[in-house]
Amino acid sequence: MPRKVKSGLIQMSLPMTEGEGTIQEIMDAMYDKHMPYIEEAGRQGVQILCLQEIFNTPYFCPGQDKKWYASAESVPGPTTEKMQVLAKKHNMVIIVPIYEKESPGVLYNTAAVIDADGTYLGKYRKNHIPHTTGFWEKFFFKPGNMGYPVFQTKYAKVGVYICYDRHFPDGARALGLNGAEIVYNPSATVAGLSEYLWKLEQPAHAAANGYFMGCINRVGEEKPWNLGKFYGQSYFVDPRGQIFAEASRDDDELLVAEFDLDLIEEVRSTWQFYRDRRPETYGRLTDL
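The sequence shown begins at 1 in UniProt numbering and counts up by one.
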């Protein structure tokens, strides 16, 4: 029997920015803007939904202002608890990227995974942290310390890779080895710097590892940072590396697609990358 899954991705622009309200008001506005899209995902029967990187705040990393530390919260915590209610209401797995505060001064770029019955399954902490050309993330985030977990949800085995992570094939392979069937990559990336890689790297990860990916990017411009234009184009890619559903470049959007997880076995039976790996020859990868 086919293992069909209906999944959704939400790309969103900022409704309120610095200077237009307090940090909490900005976060509340972004959360509230997502609500109709999450409800629409529920109405459409979406089974697994993923939001964009640090979904309820601006992408504040072009600056280095410590006041944004105040937007971090515990995971699980207030926002994930709200999402647990929505997940249970819609019988929908929700991946919630959020700024996490483990303890004072210990902050992570994190994604919580909530099962369809509202159960908090765990979290992934972004492992690769950039610090260059307006992406001053080391000022805000510690590198992840939880490896590359895969979560058995009601509908599929799900892994998460966040934004800059996508430039590193090693973690993408680890997620496959850990059993991921779908890997979600919530991102915040602008035109120019790495746009040419947006539809190159993640299809390559999907093909090299024989799994589906859902890739999310926010849209619009965010003042006062003026990093550039977030170009959307969220998409789904299959285990052959083929993009089969894509959102717009400019608009707030819920992208929904249905796909059959049985394609994973079909592809892996053709391309035996896991069988033919030679890990005993790869020591150099971790020697340095």
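For glycine and all other residues, C-beta sits at the position ideal for the given N, C-alpha and C. Since the model is a prediction, treat every value here as computed from it, not as a measurement.
Between which two residues does the alpha helix (DSSP H) containing Arg43 stretch?
-> 23 to 43
Beta strand (DSSP E) segment containing Leu254, residue limits | 253 to 260
DSSP bridge partner residues for Cys186 (one or two, in chain order) = What sits at residue 186 in the sequence shown is Pro, not Cys. Paired residue(s): Ile216.
What's the gap between the Cα of Ser7 and the Cα of Pro186?
-> 14 angstroms
Element boundaries [alpha helix (DSSP H), containing Pro78] | 78 to 90
Neighbourhood of Ala204 by C-beta distance below 7 angstroms, restricted to the same chain and skipping five residues each side | Gly241
Would Lys101 be called buried (16 or more neighbouring beta carbons within 10 Å of its own) or exposed?
-> buried
Note the first and the last residue of the continuous alpha helix (DSSP H) segment covering Leu177.
-> 169 to 177
Hey, Val158 and Val85 are a contact pair by Cβ (cut 8 angstroms); roughly how many whole angstroms apart?
-> Actually they do not touch by this definition, with Cβ atoms about 20 angstroms apart.
Going by alpha carbons, who is nearest to Lys229 out of Met213, Arg249, Asp28, His128?
-> Arg249
What are the start and end residues of the alpha helix (DSSP H) that includes Ala204?
-> 201 to 209
Please name the residue, chosen from Tyr124, Ala156, Val150, Asn178, that lies closest to Cys163 on a Cα-to-Cα basis.
-> Tyr124
Would Asn109 be called buried (16 or more neighbouring beta carbons within 10 Å of its own) or exposed?
-> buried
How long is the line joining the alpha carbons of Ile61 and Glu222, rounded to whole angstroms?
-> Reading the sequence as shown, one finds Cys at residue 61 and not Ile. The alpha-carbon atoms of Cys61 and Glu222 are separated by roughly 11 angstroms.
Would you call the region 205 to 224 and the region 178 to 194 in contact, with 3 or more CB pairs under 8 angstroms?
-> yes
Would DSSP call Thr270 helix, strand or coil?
-> helix
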